[in-house]
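Below you'll find the structure, written out as structure tokens, and then a few comments.
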Amino acid sequence: MAHPQTYSPHITLGVLFEADTERRKLGLPHRVNFLGRTGAEPEYQHSVEVDLRGQLRTSCQMATFQLQDTLRDKLRPISISVTHSIKRARLSNVPSGQLGPLLPVLSTATSNTLQTEVNFLREGCGEDKICQSNLQLSYRFGTRPAPADAFAPLPRDDDDMQVFSLSNQKAVALEVKVTNLPSDPRRPQDDGDDAHAAQLLVALPDTLSYSGFRGPQDKQLVCQANQNGSRAECELGNPLKRGAELTFYLILSTSGITIETTDLSVTLQLATISEQPDLKPIKARAKVVIELPLSVTGVARPHQLFFSGAVRGESAMTSLEDVGSPVEYEFTVTNPGQSLQTLGSAFLNVMWPHELANGKWLLYPTSMQFKGHPNTRCTASEPLDVLGLNRNSHSQAAQHSSSHSRKGRSHPEEQDRILTQSILGRTTPAVAASERKKSLTLDCLLGSARCMLIQCPLHSFAGSATLKVQARLWNSTFLEEFPSVSDLELLVRANITVKSTIKHLMLRDAASEIPLRIYPEHGISDQYGIPWWIILIAVLAGILVLALLVCLLWKCGFFQRSERRPQYETEYYRAHLQVQPSEAEKQAADLH
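Given below as structure tokens:
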């Protein structure tokens, strides 16, 4: 309205329409496009002219805008500002030399900009039309899920923290579960409304980078990362409906993890334009251990041995053939991963049961050989072939081959003679009579044997290597200590240890045990199964018990004959043959 009211000029106003003014000031993109604008105008602006022909005259102009297809923010209203200004006034012709009428100006008392808002229809926001969401997040680290495989979470340590073992694994999966449920099921109206423009912002450390995501096909889930993969944004839904539960997997590359990396830390931040002021970033953490893929296996050839013959002392041993049956152990170490040069030094340790607790030999080691790495030298805590029998074996093999007791299995008559000598000359066995015919285990961990340590350094080790140890079963020890045991199990243990300055370096299941079954020759255990004096005592005891039983029955009258009482009176009649009278004689007799 012009002032004074009698003033009624003919003026033209320029009107500028602008959308999302405050939003654009925050650096956010605009959400609408004006239709009918000129080519020089941006999408969020539209200019028109309004011709006013006088006081109290009205004129209408229409500005139309449309929503963008990529619209995300459907919760906040669209602000529209309308700014007008006077472009020109139409004046009548003024004679020359005369001062024309003053031109109209806008009043400074009122603003020339009008503000209005266009609200969206808010569904899923409760009766008050205020969307109060309740987004909650949980996570788990695990192995990378294939399209058809199930997610396998990482194990947890004693502190309930997940542990990521870095071996040949090139990626790790982060399972993310987002829910939008009421915090109090008894009062669902308080929160849990639709979460508009729900997002998950992911910040990754230098050791991890974004590789991809896997999610349900029926959900509008999209994740995008920046150029170097250090940040990612996941669109969870617009809106994420009330009661929604969404689970997806972020695939993270582990190529940046080094030997100095001790943990993984991923920052997860939920965001929504719905009202939820308590959204705070969450640190997804996991402990990193460098797992060396080292393994050791072993085998004994042969896997079972027999002992027999006569007891012979160390002084009587002249060659290895005098000791007992040969056996060879083969230990294989494999490393399919990277070389150990940058990680530390590994050692192959073999616990070799070379003697009993009383100092008698069990497995007499003669030689060893390490194949696969020529510069590796293995050491033993006790000398190999300490009696020097290996040097004499080749020179005396011919003369001893026909006379040694271990050959007795193919010569029964010689075996019987040696067994007789062994029976007469052996010492008292260490196994008690109550334990005979049983199975025993000889193991250094159980204290039933004593071990020597064989150790091989594995510097810069990669691939595979083999340690072979040749030994002899000490025949005399088993004849003396275990003559009546049915079978024995001798355990040789091998493991791998690592020396490194890296605290989170670990080995998993790098140990093995190799059993060797040892049996007596047929006839040895039978000779000592039950001593003769035990059998004699048992027979005499049986006869004594039987005599006592007979005496007891005799005292009770068991053997006396009882009197016979006749139950029926029986009379015996003897038949006599007599001449029967005739019928006439019978009648005559009757008349008299």
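With full-length UniProt numbering applied, the sequence shown covers 1 to 592.
Glycine is no exception: its CB is placed at the ideal position from the N, C-alpha and C atoms.
For D69, which of N33, L52, T477, E382 has the nearest alpha-carbon?
Locating residue 69 in the sequence shown gives position 69, where the first residue counts as 1. When only C-alpha atoms are compared, the closest one is N33.
Cβ distance (whole Å) where R140 is taken to contact N180 below 8 Å: Mapped onto the sequence shown, residue 140 falls at position 140. Mapped onto the sequence shown, residue 180 falls at position 180. That pair is no contact at about 19 Å.
Q | Neighbour-count burial assignment, F559, 16 or more Cβ in a 10 Å radius | A | What you label residue 559 is simply residue 559 of the sequence shown in a count that begins at 1. Label assigned to F559: exposed.
Inset, instruction - Report, in whole angstroms, the separation of the C-beta atoms of I259 and C378, which I expect to be a contact under 8 Å. - result: Position 259 of the sequence shown holds residue 259. Position 378 of the sequence shown holds residue 378. About 27 Å; that fails the 8 Å criterion.
| message | Whole angstroms are fine: how far does the CA of F151 sit from the CA of T441? | response | Looking up residue 441 in the sequence shown gives position 441. Looking up residue 151 in the sequence shown gives position 151. Near 43 Å, if we compare the C-alpha coordinates of F151 and T441.
field: As assigned by DSSP and simplified to three states, the class of G212
entry: The count along the sequence shown starts at 1 and reaches residue 212 at position 212. Three-state DSSP puts G212 in a strand.
Next on the checklist: Just verifying my parser: in three-state terms, what is the DSSP assignment at I537?
Outcome noted: Along the sequence shown, read from residue 1 onward, the residue named residue 537 stands at position 537. The answer is helix: DSSP assigns I537 an H, G or I state.
Exercise. Which whole runs of the beta strand (DSSP E) in the region 321 to 365 are 3 residues long or more, in chain order?
Worked result: 326 to 335, 345 to 355
Review point. With a CB to CB cut of under 8 Å and the five nearest residues on each side skipped, what residues in its chain are close to P188?
Key: Residue numbering aside, residue 188 sits at position 188 when the sequence shown is read from its first letter. Closer than 8 Å at the Cβ level, and outside the excluded window around P188, lie P182.
Handout entry: For S138 and Q199, the rounded distance between their alpha carbons
Key = Taking the sequence shown and counting its residues from 1, the one referred to as residue 199 is at position 199. Taking the sequence shown and counting its residues from 1, the one referred to as residue 138 is at position 138. Roughly 15 Å between the two C-alpha positions.
- Please confirm if the region 259 to 268 is in contact with the region 477 to 487, defined as three or more CB-CB distances below 8 Å between the two stretches. no
Buried versus exposed call for C451 [16 or more other C-beta atoms within 10 Å across all chains shown] = On the sequence shown, residue 451 is found 451 positions in, with the first residue counted as 1. Burial call: buried.
Touching or not, the region 19 to 36 and the region 51 to 60, by the rule of three or more beta carbon pairs under 8 Å?
-> no
Enumerate in chain order the residues of its own chain whose CB-to-CB distance from A510 is below 7 Å, with the five nearest sequence positions on each side excluded.
As a working note, residue 510 is residue 510 in the sequence shown. Closer than 7 Å at Cβ, skipping near neighbours: L294, S295, V296, N495, I496.
Exercise. In or out: E127 buried (at least 16 other Cβ within 10 Å) or exposed?
Worked result: Within the sequence shown, numbered from 1, the residue matching residue 127 stands at position 127. Classification for E127: exposed.
Would you call the region 279 to 289 and the region 454 to 474 in contact, with 3 or more CB pairs under 8 Å? no
Spatial distance of C131 from L292 (CA atoms)
Locating residue 131 in the sequence shown gives position 131, counting from the first residue. Locating residue 292 in the sequence shown gives position 292, counting from the first residue. Taking the straight line joining both Cα atoms gives about 52 Å.
**OP:** Provide the residue(s) that pair with L250 in DSSP beta bridges, ordered along the chain.
**Re:** Sequence index remark: in the sequence shown, residue 250 carries index 250 (1-based). Paired residues: L174, F213.
Legend entry - Ordered list of alpha helix (DSSP H) runs contained in the region 435 to 508, each at least 4 residues: 475 to 481
Subject >> Pairwise C-alpha distance: L135 and P515 >> reply: Taking the sequence shown and counting its residues from 1, one reaches residue 515 at position 515. Taking the sequence shown and counting its residues from 1, one reaches residue 135 at position 135. Looking at the two C-alpha atoms, the distance is approximately 59 Å.
From the DSSP output, read off the bridge partner residues of L71.
The residue you call residue 71 lines up with position 71 of the sequence shown. For L71, which the question treats as bridged, DSSP gives no partner whatsoever.
Where does M143 fall in DSSP's three states? Here residue 143 refers to the residue found at position 143 when the sequence shown is read from its first residue. The displayed chain sequence assigns Thr, not Met, to residue 143. Coil.
query = Apart from the five residues just before and just after E328, which ones in its own chain have a Cβ nearer than 8 Å to its Cβ?
reply = Residue mapping note: residue 328 aligns to position 328 of the sequence shown, counting from 1. So the list reads A300, R301, K468, V469, Q470, A471, once near-sequence residues are dropped.
Alpha carbon of V498 to alpha carbon of S339, nearest angstrom: In the sequence shown, the residue the question calls residue 498 occupies position 498. In the sequence shown, the residue the question calls residue 339 occupies position 339. Those two C-alpha atoms are separated by around 13 Å.
Which of the three DSSP states is assigned to L548 in this structure? Position 548 of the sequence shown, counting from 1, holds the residue named residue 548. L548 falls in the helix class under three-state DSSP.
According to DSSP, is T64 part of a helix, a strand, or is it coil? The residue given as residue 64 occupies position 64 in the sequence shown. T64 falls in the strand class under three-state DSSP.
Could you please give the first and the last residue of the uninterrupted alpha helix (DSSP H) stretch that includes R23?
Here the question's residue 23 lines up with position 23 in the sequence shown. Note, R23: alpha helix (DSSP H), 21 to 25.
### Query
V350: which of V323, E382, L204 sits nearest, CA to CA?
The residue you call residue 350 lines up with position 350 of the sequence shown. Residue E382 is the option with its Cα nearest to V350.
Rounded to whole angstroms, what's the CA-CA distance from K360 to K170? Just pull it up for me.
As a position in the sequence shown, residue 360 is number 360, starting the count at 1. As a position in the sequence shown, residue 170 is number 170, starting the count at 1. Distance between the alpha carbons of K360 and K170 is about 53 Å.
Worksheet item: Which runs of the alpha helix (DSSP H) fall wholly inside the region 263 to 288 and span at least 4 residues, in chain order?
Response: none
Local conformation of G298 per DSSP, three classes: Sequence index remark: in the sequence shown, residue 298 carries index 298 (1-based). It is a strand residue.
Review point. For the 8 Å Cβ check, are there 3 or more pairs between the region 226 to 243 and the region 101 to 110?
Key: no
| query | residue 595: buried (16+ other C-beta within 10 angstroms of its C-beta) or exposed? | reply | Limits of the chain in this structure are 1 at one end and 592 at the other, which puts residue 595 out of reach.
Report the rounded CA-to-CA distance for S319 versus Q162, giving the unit in angstroms.
Walking along the sequence shown from the start, residue 319 turns up at place 319. Walking along the sequence shown from the start, residue 162 turns up at place 162. Straight-line Cα distance between these residues: approximately 58 Å.
Measure how close the beta-carbons of L52 and L13 come, nearest whole angstrom, since I'm counting them as under 8 Å. Residue numbering aside, residue 52 sits at position 52 when the sequence shown is read from its first letter. Residue numbering aside, residue 13 sits at position 13 when the sequence shown is read from its first letter. Going by Cβ atoms, the distance from L52 to L13 rounds to 6 Å, so yes, they are a contact pair.
Is Q55 closer than 8 Å to S8 when the C-beta atoms are compared?
-> To locate residue 8, count along the sequence shown from 1; it is residue 8. To locate residue 55, count along the sequence shown from 1; it is residue 55. The answer is yes: Cβ separation under 8 Å.
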